[in-house]
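Visitor: In this note's numbering, the protein residues as written are 93 to 970.
Note that the Cβ used here is the ideal one computed from N, Cα and C, for glycine as well.
Sharing a structure below in structure tokens format, with a few things to ask.
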């Protein structure tokens with residue numbers, strides 16, 4: 093039996109977008125609609141097992157229905173750009189999954205679906221229609237089931253004719269009569285004013301159709317109702333016509349062309365990786381396999397069981413692999429070494445390498461130049477094994493990242509493949525992943541590591557040539573390479589934490605959570621499990637009668653974005669938000685930090701990712717010390733556990749003030765912004781004063797908050813939709829606010845226009861220090877892809893330059909601390925802030941030296957300002 097699934101593409105995409113929080117990848121690409129849509133596809137494929145599939149989309153704003161009623165679908169808000177940008181990805185997912193998609197000028201997705209459902213019905217096929225639009229209930233039939241999404245995205249109600257009758261007491265073909273009478277605000281179908289669903293159903297139960305009502309108008313009870321119906325007869329008939337799906341839409345394909353066979357191919361897996369859909373990758377069982385091309389390439393090598401003085405491994409310019417498996421290299425074990433140079437290739441077993449004094453001396457010798465994959469990784473790992481590492485002349489990972497940060501190089505094989513080097517295996521394919529991860533026999537391991545070392549040797553000249561061509565030699569040699577050493581030193585120094593203080597905070601949090609739980613139960617009037625979304629939903633939306641925002645398959649949604657929208661409507665909401673935040677603090681940060689205290693040093697050693705973000709910003713993992721929540725005092729208090737490593741020392745903090753806005757002022761050359769910063773004005777008050785046209789002293793806290801949101805939003809390319817969500821105002825108000833801002837700061841507006849034009853000409857944008865970000869979609873014919881690329885073009889030079897500035901400051905700071913002979917040490921970088929520890933007697937010196945270095949890291953048209961603070965803990969240094 094053939095089974096056809098027809099999906100209303102626009103409806104499901106919209107549902108997914110508004111049902112899920114505004115997710116985005118680390119590159120800034122919005123993905124919530126794509127994720128929800130794909131999740132729905134996989135669920136349908138798994139549960140319904142269709143033999144044929146099609147996803148129908150609306151082709152444009154104008155349809156044949158506009159000839160009947162010009163205002164059809166009028167008044168709809170413009171699609172948020174955050175959603176528009178996701179449609180190309182949705183279409184790409186469908187193409188890669190082998191699912192046919194179709195749209196037709198002047199027709200709607202409903203018409204395509206209706207025509208195909210009727211054709212399938214005539215052939216005796218079973219058909220399921222997936223939509224969020226109740227209009228399609230008119231198609232329900234013995235062989236056509238309509239799966240109507242609820243408030244969530246994967247939760248559906250299946251409508252057969254019986255279910256339609258149960259819900260409406262009408263047959264499916266009467267749905268169009270129902271719309272004719274009551275209208276449909278979402279499609280701007282007028283219906284009969286004053287006639288709602290209840291009245292319409294009552295009339296249709298009595299008369300059967302709109303036409304029959306007018307044939308027996310005198311029999312309608314109620315003078316006012318008769319008058320309304322009589323007055324709007326033409327409108328009612330027109331509304332029915334507008335609501336009627338055209339099941340005779342001319343299509344240029346047949347049902348047989350919709351054949352579907354499940355296929356999760358390599359390009360689809362690559363797209364899921366690009367969109368960071370880890371759970372979906374696991375769901376489709378995507379596993380890496382060894383490249384056939386690589387397997388066919390044989391590289392000869394020697395296994396070294398004993399190292400003597402004359403060994404050619406100690407030549408200058410040798411590529412070195414220090415292999416580990418664990419992601420957190422501060423806890424990693426070395427599993428082997430490989431070296432290649434002009435004289436040959438060698439594998440050194442771990443036991444041989446770690447026992448050889450000659451090998452240890454070579455590793456520490458700065459005059460013996462080494463080519464590595466990741467210098468910071470190698471320095472840290474060798475340090476934990478008691479070895480010193482120096483003499484790095486080239487870092488392949490860093491160079492590849494600078495050349496194109498948009499490439500997501502998961503390992504060396506991915507970099508090599510880009511340059512036509514195919515003899516190296518991907519680590520995930522070689523070792524496996526997760527519970528399947530294992531180290532093969534020594535012979536296979538040796539072969540794998542030697543291939544990697546050879547790839548380093550072959551990549552170096554190719555990458556050097558490209559760096560020079562891009563004018564990025566200085567960025568690599570003067571900034572990123574020295575920074576790698578600075579970061580390694582910071583990571584290895586670690587941050588001292590008080591285990592006792594963390595445990596005490598854990599106890600205090602548990603007590604506070606118990607208090608909040610008691611308060612919440614009192615406000616609810618019932619004891620229930622606050623961590624159960626189902627029970628919480630019932631309390632909020634049934635017992636307390638708060639308005640439900642959206643539903644999931646298990647009931648009411650109680651996600652963070654839902655609760656945020658309910659703030660102010662009941663005292664219980666703030667307490668639930670606090671309860672969740674404190675619960676996260678307890679499990680993720682208190683318990684999480686206790687787990688990563690290093691057994692050797694009793695300190696926490698984070699990993700700074702230097703080649704991760706497209707803007708050049710550093711990120712921190714294992715643990716993420718840049719993201720400790722500080723909205724609540726309890727979150728801020730976690731910083732009390734971070735303290736100096738020695739008695740008589742202090743924690744010293746130095747923070748750039750509004751660095752991105754200062755960079756914006758410099759790059760845009762906007763006179764108003766430059767003047768404000770030069771005169772030391774509060775920039776948010778200045779913006780509010782200009783935009784609201786009031787003197788600075790008349791600016792209210794709300795005005796300043798709105799101005800602050802726009803100031804920082806502009807840097808990130810915020811849209812009217814994004815601003816409306818963050819300020820909880822209408823899109824119209826948000827749009828007007830952005831427009832007024834750009835009138836007030838014309839230099840910013842000019843910058844935004846000019847940088848987009850430059851990006852279209854060059855294909856990329858750069859920071860002041862020549863960091864590049866490529867924008868292949870900047871000239872795309874698809875508006876959605878192009879608009880995302882345009883926003884990226886506007887904000888990358890600002891964010892990227894701010895990232896470059898603090899990196900420059902870190903490199904210069906490391907030198908200056910040494911020059912001054914200070915014992916102070918740099919411990920952490922948290923976005924625009926540097927954290928140090930220092931003897932108390934050095935604090936006065938640091939108050940001069942640190943701002944001096946940071947404020948003069950680069951020369952801008954506006955002053956850079958650094959705020960400093962210090963105290964006995966990180967918490968106090970604010």
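Using 8 angstroms for Cβ pairs, my map puts residue 972 next to residue 703. What's the rounded Cβ distance?
Guide: Any property of residue 972 remains undetermined from this structure, which presents the chain solely from 93 to 970.
Visitor: For residue 541, tell me which candidate among 196, 430, 728 has the shortest Cα-Cα distance.
Guide: Here the closest residue by C-alpha is 430.
Visitor: Does the separation of the CB atoms of residue 225 and residue 103 fall below 8 angstroms?
Guide: Taking 8 angstroms as the Cβ cut-off, residue 225 and residue 103 qualify as a contacting pair.
Visitor: Could you tell me if residue 806 is buried or exposed, where buried requires 16 or more neighbouring beta carbons within 10 angstroms of its beta carbon?
Guide: Answer is buried; the Cβ neighbour count reaches 16.
Visitor: Between the alpha carbons of residue 148 and residue 920, how many angstroms are there, rounded?
Guide: Rounded to whole angstroms, residue 148 to residue 920 spans 52 angstroms at the Cα level.
Visitor: Name the DSSP bridge partner or partners of residue 145?
Guide: DSSP output for residue 145 lists 97 as bridge partner(s).
Visitor: Just to confirm my understanding: we take residue 688, look at its own chain, exclude 5 residues before and 5 after, and list those with CB closer than 7 angstroms. What are they?
Guide: These residues qualify, in order along the chain: 696, 714, 715.
Visitor: Take residue 393 as the anchor and find which of 868, 440, 301 has the nearest alpha-carbon.
Guide: Nearest of 868, 440, 301 to residue 393, Cα basis: 440.
Visitor: What are the start and end residues of the beta strand (DSSP E) that includes residue 931?
Guide: Taken as a continuous stretch (DSSP letters only), the beta strand (DSSP E) holding residue 931 covers 925–931.
Visitor: Have a look at the DSSP bridge pairing and note the partners of residue 221.
Guide: In the DSSP output, where bridge partners are listed per residue, residue 221 has 98, 238.
Visitor: Could you give the residue range of the alpha helix (DSSP H) that holds residue 369?
Guide: Per DSSP, residue 369 belongs to no alpha helix (DSSP H) and is neither H nor E.
Visitor: Under the rule that 16 or more other beta-carbon atoms within 10 Å means buried, what is residue 282, buried or exposed?
Guide: Looking at its Cβ environment, which holds 16 or more other Cβ atoms inside 10 Å, residue 282 is buried.
Visitor: In terms of alpha-carbon separation, which member of 750, 774, 420 lies closest to residue 897?
Guide: Here the closest residue by C-alpha is 750.
Visitor: Indicate whether residue 208 and residue 146 have their beta-carbon atoms separated by less than 8 angstroms.
Guide: Cβ distance < 8 angstroms, so residue 208 and residue 146 count as in contact.
Visitor: Taking the alpha carbon of residue 345 as the point to measure from, which residue in 883, 468, 211 has its own alpha carbon closest?
Guide: When only C-alpha atoms are compared, the closest one is 211.
Visitor: Beta carbon of residue 444, beta carbon of residue 402: below 8 angstroms?
Guide: Result no, Cβ atoms of residue 444 and residue 402 do not sit closer than 8 angstroms.
Visitor: For residue 761, tell me which candidate among 953, 113, 571, 614 has the shortest Cα-Cα distance.
Guide: Of the listed residues, the one whose Cα sits closest to residue 761 is 953.
Visitor: What's the gap between the Cα of residue 250 and the Cα of residue 787?
Guide: Straight-line Cα distance between these residues: approximately 60 angstroms.
Visitor: Identify the residues that DSSP records as bridge partners of residue 701: which are they?
Guide: Note: residue 701 sits in a beta bridge opposite 711.
Visitor: Measuring CB to CB, does residue 934 end up less than 8 angstroms from residue 956?
Guide: In this structure, residue 956 does not lie closer than 8 angstroms to residue 934 by Cβ.
Visitor: For residue 388, count neighbouring Cβ atoms within 10 angstroms of its own Cβ and tell me buried if that reaches 16, exposed if not.
Guide: Exposed, because fewer than 16 other Cβ atoms sit within 10 Å of the Cβ of residue 388.
Visitor: In whole angstroms, what is the alpha-carbon distance linking residue 374 and residue 130?
Guide: If you take the alpha carbons of residue 374 and residue 130, they lie about 14 angstroms apart.
Visitor: Pick helix, strand or coil for residue 649, following the three-state DSSP scheme.
Guide: Coil, per DSSP.
Visitor: Excluding the 5 residues flanking residue 220 on each side, which residues of the same chain have their C-beta closer than 7 angstroms to its C-beta?
Guide: So the qualifying residues of the chain are 97, 140, 237, 239.
Visitor: Run through DSSP, which three-state label would residue 228 get?
Guide: The answer is helix: DSSP assigns residue 228 an H, G or I state.
Visitor: Just to confirm my understanding: we take residue 945, look at its own chain, exclude 5 residues before and 5 after, and list those with CB closer than 7 angstroms. What are they?
Guide: For residue 945, where only same-chain residues beyond five positions count, the Cβ hits under 7 angstroms are 901, 904, 905, 908.
Visitor: Helix, strand or coil: which one does DSSP assign to residue 461?
Guide: Looking at residue 461 - three-state DSSP - the assignment turns out to be coil, as it is neither helix nor strand.
Visitor: Short check: CB of residue 824 to CB of residue 967, under 8 angstroms?
Guide: Contact flag unset, no.
Visitor: With a Cβ-Cβ cutoff of 8 angstroms, do residue 559 and residue 863 count as a contact?
Guide: Not in contact: residue 559 and residue 863 (Cβ atoms no closer than 8 angstroms).
Visitor: Name the residue from 428, 706, 369 whose alpha carbon lies nearest to the alpha carbon of residue 892.
Guide: The option with the nearest alpha carbon to residue 892 is 706.
Visitor: At which residue ranges does the region 474–506 contain complete alpha helix (DSSP H) runs of 4 or more residues, listed in the order of the chain?
Guide: Counting whole runs of 4 or more residues, the region 474–506 contains the alpha helix (DSSP H) stretches 488–495.
Visitor: Just the C-alpha distance for residue 922 and residue 970, rounded to the nearest angstrom, thanks.
Guide: When rounded, the distance between both Cα atoms is 13 angstroms.
Visitor: Take residue 484 and list the residues in its own chain whose beta-carbon comes closer than 6 angstroms to its own, dropping the five residues that flank it on each side.
Guide: Correct list, in chain order: 462, 464, 467.
Visitor: Rounded to the nearest angstrom, what separates residue 802 and residue 795 at their Cα positions?
Guide: If I take the Cα positions, the gap works out to 11 angstroms.
Visitor: Just list the residues that DSSP pairs residue 411 with in beta bridges.
Guide: Beta-bridge pairing links residue 411 to 432, 463.
Visitor: Determine the closest residue to residue 738 out of 929, 676, 797, 602, with distance taken between C-alpha atoms.
Guide: If we check each option's Cα against that of residue 738, 929 comes out closest.
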